[in-house]
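For the sequence shown, position 133 (counting from the first letter as 1) is numbered 954 according to the numbering used here, and the numbering increases by one without interruption.
Where a beta carbon is used, it is the ideal one built from N, C-alpha and C, also for glycine.
In this text the structure is predicted, and so the values were computed from the model without any measurement.
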Amino acid sequence: MSGLILVTGATGKTGGSLIAQLRQKGLSYRAASRHATVPFDWEHPGSWDAVLEGVASIYLVAPGTVKDPYGLMQDFITLAMGKGVCRFVFLSMAGLAAGGPAHGQVHQWLKENTNDWAVLCPSAFMQNFSAGPSLATIRDEDRIYSNTAGGRVPFIDVGDIAAAALAVLTAPAPLNTEFVLTGDEPLSYDEVAALISQACGRPITHVHVSRDEMAERLIKRGIAQATAKLLAAGYQMIAAGTAEHTTNGVRTLAGRPPMRFQDFAKANAGAWQRAE
Ligand SMILES: NC(=O)c1ccc[n+]([C@@H]2O[C@H](COP(=O)([O-])OP(=O)(O)OC[C@H]3O[C@@H](n4cnc5c(N)ncnc54)[C@H](OP(=O)(O)O)[C@@H]3O)[C@@H](O)[C@H]2O)c1
């Protein structure tokens, strides 16, 4: 499908990478977020009309900083359909089923109310260590905190998620399905700490904390309380060993093997260096 693609979360991890890939392919897009050229705020419906003009398809990212973005997203999609937007690609999360809590609400709503949708369910992002909550603690304390214990997760690179999103947004026909996207190697947070240590040249340690302490740490970093609790619950699932599963989603959609954590760590070693 061709036409103008609206990218929400445009200044974020997957949205930013998607925009870079759209630009590289010469496809037309509009970047939307509070700090994008055309300002868009999920919490201010007055900003919605302007970004929807002439749009054919939308990449939807629920921001973790908004308390309950799911009802707002449904209102936004309804407005978009009224303006002729045909395709919706929603970024959910591995382990969150349609009809379940949080992102599962939007997933189910898309299934029931739209004719051309796809849902991407990625595992935890590699970039959580280079741009998210763990970056500051790695750089400043040589530590990664989590309540994952020895549990493993096949971390995924956001460039691979964006490549999958691009394939789905430009697919010739509606897909109307979900894709679970993962890396190839399930890794524990201890193993991640070892790979980051190798890449940045000093020892980084994984510190296991309780689920409540983890949620508190995320809230202190500006994550909405409900999202922080959801993330800490997700970490608990990793600890329980239920997040180890790998899929062929990246190969199927992006046509290449997923990024290895070792390569990600080498490429991002600069992010973990301390300012002198
Ligand atoms: N991190 C993971 O491991 C992981 C794994 C699976 C799924 N996910 C999902 O990925 C999504 C993105 O999470 P992330 O933490 O990686 O964030 P991100 O995409 O890196 O950043 C959030 C984006 O949302 C925008 N935003 C924030 N508040 C907004 C508002 N009120 N209105 C409009 N835009 C707003 C931000 O831009 P502005 O500041 O410019 O507004 C930014 O572009 C979440 O839905 C999360 O559940 C994450």
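**Prompt:** On the three-state DSSP scale, how would you describe Leu928?
**Reply:** On the sequence shown, residue 928 is found 107 positions in, with the first residue counted as 1. Looking at the sequence itself, residue 928 is His, so the reference to Leu does not match. In the structure shown, His928 sits in a helix (DSSP, three-state: H, G or I).
**Item:** Limits of the unbroken alpha helix (DSSP H) element including Thr829
**Value:** The residue labelled residue 829 in the question sits at position 8 within the sequence shown. Counting along the chain, Thr829 falls outside any alpha helix (DSSP H), though it belongs to the beta strand (DSSP E) covering 825-829.
**Asked** Quick one, which of Asp862, Gly1062, Asp896 has its alpha-carbon nearest Thr935's?
**Response** One-based indexing of the sequence shown puts residue 935 at position 114. Thr935 has its Cα closest to that of Asp896, out of Asp862, Gly1062, Asp896.
**Cα-Cα separation between Ala857 and Thr832, rounded to whole angstroms** = Here the question's residue 857 lines up with position 36 in the sequence shown. Here the question's residue 832 lines up with position 11 in the sequence shown. Going by the C-alpha atoms only, they are around 7 Å apart.
**Asked** Given Ile1017, which residues of its chain have a CB within under 6 Å of its CB, disregarding the five upstream and five downstream residues?
**Response** As a first step, residue 1017 is located in the sequence shown; it is residue number 196 there, counting from the start. Closer than 6 Å at Cβ, skipping near neighbours: Ile1025, Ala1086.
**Message:** I'd like the list of long-range same chain contacts for Ala1054, defined as Cβ closer than 8 Å, with 5 residues on each side in sequence excluded.
**Reply:** Counting from 1 along the sequence shown, the entry for residue 1054 is found at position 233. Answer for Ala1054: Arg1032, listed in chain order.
**Message:** Spatial neighbours of Ala852 within its chain, please: C-beta separation below 8 Å, excluding the five flanking residues on both sides.
**Reply:** Position 31 of the sequence shown, counted from the first residue, corresponds to residue 852. Hits under 8 Å: Val828, Ala831, Thr832, Gly836, Ile840, Thr858, Val859.
**Prompt:** Can you tell which of Lys888, Leu893, Gln845, Thr998 has the C-alpha that lies nearest to the C-alpha of Ser868?
**Reply:** Taking the sequence shown and counting its residues from 1, the one referred to as residue 868 is at position 47. Selected option, being the one with the closest Cα: Leu893.
**Item:** Counterpart residues of Leu1002 in DSSP-defined beta bridges
**Value:** Numbered from its first residue, the sequence shown carries residue 1002 at position 181. DSSP lists Pro943 as partners of Leu1002.
**Message:** At the level of alpha carbons, what is the spacing between Phe911 and Glu1006?
**Reply:** Numbered from its first residue, the sequence shown carries residue 911 at position 90. Numbered from its first residue, the sequence shown carries residue 1006 at position 185. Near 25 Å, if we compare the C-alpha coordinates of Glu1006 and Phe911.
**Asked** Can you give the Cα-Cα distance for Glu999 and Ala939, rounded to whole angstroms?
**Response** Locating residue 999 in the sequence shown gives position 178, counting from the first residue. Locating residue 939 in the sequence shown gives position 118, counting from the first residue. Spanning the two alpha carbons is a distance of roughly 6 Å.
**Bounding residues of the beta strand (DSSP E) (the contiguous stretch that carries Thr1026)** = Counting from 1 along the sequence shown, the entry for residue 1026 is found at position 205. Unbroken beta strand (DSSP E) run through Thr1026: 1026-1029.
**Asked** Among all the DSSP beta bridges, which residues are the ones paired with Pro860?
**Response** Sequence index remark: in the sequence shown, residue 860 carries index 39 (1-based). According to DSSP, Pro860 bridges with Ser854.
**Prompt:** Phe909 and Leu931: beta carbons closer than 8 Å?
**Reply:** If you number the sequence shown from 1, residue 909 lands on position 88. If you number the sequence shown from 1, residue 931 lands on position 110. Contact flag set, yes.
**Prompt:** Distance, Cα to Cα, Asp961 vs Arg1095?
**Reply:** Against the sequence shown, residue 961 aligns to sequence position 140. Against the sequence shown, residue 1095 aligns to sequence position 274. Answer to the nearest angstrom: the Cα atoms are 7 Å apart.
**Message:** For the pair the segment 990-997 and the segment 912-922, tell me if three or more CB-CB distances fall below 8 Å.
**Reply:** no
**Request:** May I have the straight-line CA-CA distance separating Val906 from Gln1019, to the nearest angstrom?
**Result:** For the purposes of this step, residue 906 is taken as residue 85 along the sequence shown, with counting starting at 1. For the purposes of this step, residue 1019 is taken as residue 198 along the sequence shown, with counting starting at 1. Cα to Cα, the separation comes out at about 47 Å.
**Request:** Under 8 Å Cβ to Cβ from Asn997, same chain only, skipping five residues before and after it: list those, please.
**Result:** For the purposes of this step, residue 997 is taken as the residue at position 176 of the sequence shown. Here the set comprises Lys932, Asn936, Asp937, Trp938, Ala939.
**Prompt:** What distance in whole Å lies between the Cβ atoms of Ile982 and Pro1098, which are believed to be in contact at a cut-off of 8 Å?
**Reply:** With the chain covering 822 to 1097 only, the question about residue 1098 has no answer from this structure.
**Prompt:** Do Ser804 and Asn1089 have their CB atoms nearer than 8 Å?
**Reply:** The chain is shown from 822 up to 1097; residue 804 falls before or after that span and cannot be answered.
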